[in-house]
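Working notes for the structure below.
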Amino acid sequence: MKLINHTLLILSVILFTTVGLWAFIFNSQLQKQVKNTLDEGLENYKIVIIDKLKDDSLIVEQNFFLDNNYLVKKISEGYALQVRDSYKDTLIYSELKNTGYQVRLLTTAFISTKGGYYELKIISHEIDKGNLVQKIVLSLVLLFLFLTVSTLLVNNFVLKKTWKPFYEVLKYLDDFRLDQSAYRELSESKIKEFTLLNASIQNLIKTNIDIFKSQKQFIENASHELQTPLAIGINKLELFADEESLSPEQTQKIGDLIGAFRRLSSLNKSLLLLSKIENKQFIQVEQISLDLVFQKVIQEFSDYTDFKDIQIDYHVEGQWFVQMNKNLAQIMVMNLVKNAIVHNIAGGDLSICLNPSSFTIENTSFEPQISEENLFKRFNKSRISNNSTGLGLAIVKAIVDVSDLNISYTYSETHKFEVKANK
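Numbering (the numbering used here), first residue to last: 52 to 474.
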């Protein structure tokens, strides 16, 4: 959920809860006010009726409300002294309407001019609470509709405009690439927080660009400064090993030095490659057919697999065209296939299955199951691969991460790697 919608949802819940609570209180207060108004009317009507019925000769006792809105009944003095003015809601049956209707009833007592005590009951006009509640509910529904429409308008025209600088920053960060030597200035905002955010982001980006350039320069210099002396040293040792005056022991020692230099050269290249991958220096991305990459890699390793008598079963269930750097795709496939060959047994099997969104590489081996936690760590080497740098699978993991892919490892008598696209 977007931040603007999340904020709007919280404000809407608070607003509608507050309005709903206000509606409940308003309805209670309105009904209370209606009752108070009716009670005041009944009180005034009581004074008029009592003044009219001062004379006993004008008092006509009756037990039902007929044409009048009151009835009078003679009572004892003791009972009359206990009567206090009381108001209550009650139902009165109407013969005309053949139904009951709700009224407000006032019960009181008075004494006539001749000393007689009477009970007086007065009713108000009909109270249509159902109609009142219906109108209140209708008004509240219209109010909620108005608030909903107003909220949507505020979201589309006011909040989106207010948050526009924030979304510009997000787009700017999404489009930004470290290989770009320059960056554009973010648009100014009248909102202080967005101004501070823009300044912080531009300062952070400038710092990262400077660091990126320094690292890139260091990697290029390190590659040149290390590889050149190593190549010269290996070449001179090879020339020196051809000298006829050397003894077999000396030749063996020179051979060991050449092997150590070559491992050092390979390690240097792997570390530099890993650094470039993690620094995202392989910027160019294109649509790659992994089928063509596998065919090329399998062909390159054909002599090695023939030497170890390893049978490769390459099965294509569907073409996978992945968006990634071409060189990284080749390095990823090459390292995985090489790993499956190096750690295989003589006369073993290597199975490769390509799908429209994944591929698996499965190989036989004498080695037991490997902990996936340590499998992709740097310098994690098998005991039977002394010449390995221990960086092959670490490079694969780095390529997978920067290419928005996922790699997993399982073991069931055979070692199996699966690479698939992230959902």
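Where is the CB? At the ideal position from N, CA and C, for every residue including glycine. Remember, it's a predicted structure, so these values are computed and weren't measured experimentally.
Supposed close pair residue i, residue j - CB separation, criterion 8 Å
i, j, result
"lysine 124", "glutamate 91", "Between glutamate 91 and lysine 124 the Cβ distance is about 24 Å, and since that is not below 8 Å, they are no contact."
"asparagine 207", "leucine 59", "Asparagine 207 to leucine 59, Cβ: 10 Å. No contact."
"isoleucine 309", "glutamate 289", "6 Å"
"isoleucine 392", "phenylalanine 352", "6 Å"
C-beta contact flag for residue i and residue j at 9 Å
i, j, result
"threonine 202", "leucine 66", "yes"
"leucine 136", "lysine 86", "A quick correction: the sequence has aspartate, not leucine, at residue 136. Against a cut-off of 9 Å, the Cβ pair of lysine 86 and aspartate 136 comes out as no contact."
"isoleucine 162", "isoleucine 100", "no"
"alanine 445", "lysine 471", "no"
"isoleucine 421", "lysine 467", "no"
"leucine 255", "valine 220", "no"
"isoleucine 143", "glutamine 153", "yes"
"phenylalanine 312", "leucine 281", "yes"
"aspartate 400", "threonine 461", "no"
"leucine 405", "tyrosine 355", "no"
"lysine 105", "threonine 141", "no"
"alanine 292", "isoleucine 305", "yes"
Residue i versus residue j - alpha carbon distance
i, j, result
"histidine 251", "proline 216", "The sequence shown places serine at residue 251, not histidine. Those two C-alpha atoms are separated by around 14 Å."
"serine 175", "leucine 157", "8 Å"
"isoleucine 396", "isoleucine 363", "13 Å"
"lysine 377", "lysine 327", "15 Å"
"serine 240", "arginine 314", "56 Å"
"leucine 193", "glutamine 82", "20 Å"
"serine 402", "lysine 222", "43 Å"
"glutamine 80", "valine 209", "35 Å"
"aspartate 102", "glycine 129", "22 Å"
"asparagine 32", "histidine 394", "Only positions 52 to 474 of the chain appear in the structure, and residue 32 is not among them; the question remains open."
"isoleucine 126", "lysine 139", "21 Å"
"glutamine 268", "lysine 211", "43 Å"
"serine 316", "valine 388", "22 Å"
"threonine 159", "leucine 93", "11 Å"
"glutamine 361", "phenylalanine 410", "First, the amino acid is wrong: residue 361 is isoleucine here, not glutamine. Using only the alpha carbons, I get a separation of about 20 Å."
"phenylalanine 77", "threonine 68", "14 Å"
"asparagine 473", "serine 459", "12 Å"
"leucine 323", "leucine 426", "20 Å"
"glycine 369", "threonine 199", "50 Å"
"serine 238", "valine 64", "33 Å"
"glutamine 84", "alanine 131", "30 Å"
"phenylalanine 116", "valine 184", "27 Å"
"glutamate 294", "asparagine 272", "34 Å"
"arginine 155", "isoleucine 242", "59 Å"
"leucine 480", "valine 70", "The first residue shown for the chain is 52 and the last is 474, placing residue 480 beyond what the model contains."
"asparagine 120", "leucine 72", "38 Å"
"leucine 297", "asparagine 286", "17 Å"
"glutamine 335", "aspartate 226", "14 Å"
"asparagine 182", "leucine 191", "14 Å"
"glycine 167", "asparagine 149", "36 Å"
Buried/exposed call for residue i, threshold 16 Cβ in 10 Å
i, result
"threonine 88", "exposed"
"lysine 448", "buried"
"leucine 204", "exposed"
"glycine 151", "exposed"
"glycine 443", "buried"
"phenylalanine 358", "exposed"
"leucine 196", "exposed"
"valine 344", "buried"
"phenylalanine 75", "exposed"
"leucine 189", "exposed"
"isoleucine 450", "buried"
"leucine 379", "buried"
"asparagine 390", "buried"
Proximity test, residue i beta-carbon vs the ligand ADP heavy atom, cut-off 8 Å
i, result
"serine 190", "This structure lacks the ligand ADP; in fact it carries no ligand of any kind."
Check: With contact counted as at least three CB pairs below 8 Å, one residue from each stretch, are the segment 369-381 and the segment 446-461 in contact?
Finding: Short answer: they touch.
Check: Is it true that the segment 335-346 meets the segment 297-304, where meeting means three or more beta-carbon pairs spaced less than 8 Å apart?
Finding: Short answer: they don't touch.
Note to self: Any contact between the segment 346-364 and the segment 378-397? By contact I mean 3 or more CB pairs, one from each, below 8 Å.
What the structure shows: Between the segment 346-364 and the segment 378-397 there are three or more inter-stretch CB-CB distances shorter than 8 Å, so the stretches are counted as touching.
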